[in-house]
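Residue numbers (full-length UniProt numbering): 1 to 179. From the three backbone atoms N, C-alpha and C, an ideal C-beta is built for every residue, glycine too. Working notes, structure below.
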């Protein structure tokens, strides 16, 4: 046994040293997932694929049933997502600081400079509070550096949704602008 101990020790040390530079594969999906709060203006224009449009307030976004619902003057209209080309948000939204933001009245010399487009699966967009225009987007498609940048902006200002486009692959492209 006394001769075996140095051999086991030496073998163990060589094995441990060889693992020092070896990166073990991560288990599970390690892509970062972050929920980013966003705000939706109270007026919504839904452009349909047949060329017509509807308007009202977006009151439901059901990714399971693949339908949205618009509300206007106590009436509700449901629309299948497969019929929708895009949703444009217009009008005003009151964000958490109490600031009134009216879409189209940006004060920046270049209002497009901060706009971002996030492409995410349908189920990653959820309405949190219809009356306050609060929603959240679960970001899964961006790298950690981009997500940290988004979180940095979200900590100082609020993202306002300007547009949602529907892709045939059950993904949506969400255009947001920080205010």
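- Exclusion of the five residues before and after residue 150 leaves 36 and 139 as the residues of its chain whose Cβ lies within less than 7 Å of its Cβ.
- Residue 81 and residue 168 have their C-alpha atoms roughly 10 Å apart.
- Here residue 149 is not bridged, per DSSP, to any residue.
- Secondary structure note for residue 66: it is in no beta strand (DSSP E), with a DSSP letter that is neither H nor E.
- Annotated three-state conformation of residue 41 is coil, per DSSP.
- Residue 135 sits buried, since 16 or more C-beta atoms from the chains shown fall within 10 Å of its C-beta.
- The C-beta separation of residue 61 from residue 166 comes to about 11 Å, leaving the pair out of contact by the 8 Å criterion.
- Taking a 10 Å sphere around the C-beta of residue 177, we find 16 or more other C-beta atoms and assign the residue as buried.
- Per DSSP, residue 82 is not a residue of any beta strand (DSSP E), being assigned neither H nor E.
- The beta-bridge partner set that DSSP reports for residue 121 consists of 171.
- Taken through DSSP and simplified to helix, strand or coil, residue 49 comes out as coil.
- Residue 85 is positioned such that its CB atom lies closer than 8 Å to that of residue 47.
- By a beta-carbon distance limit of 8 Å, residue 173 contacts residue 119. Their separation comes to about 5 Å.
- When DSSP states are grouped into helix, strand and coil, residue 74 belongs to the coil group.
- Contact annotation, residue 49 with residue 83: C-beta distance approximately 6 Å; criterion of less than 8 Å satisfied.
- Just so you know, the alpha carbons of residue 89 and residue 66 end up roughly 19 Å apart.
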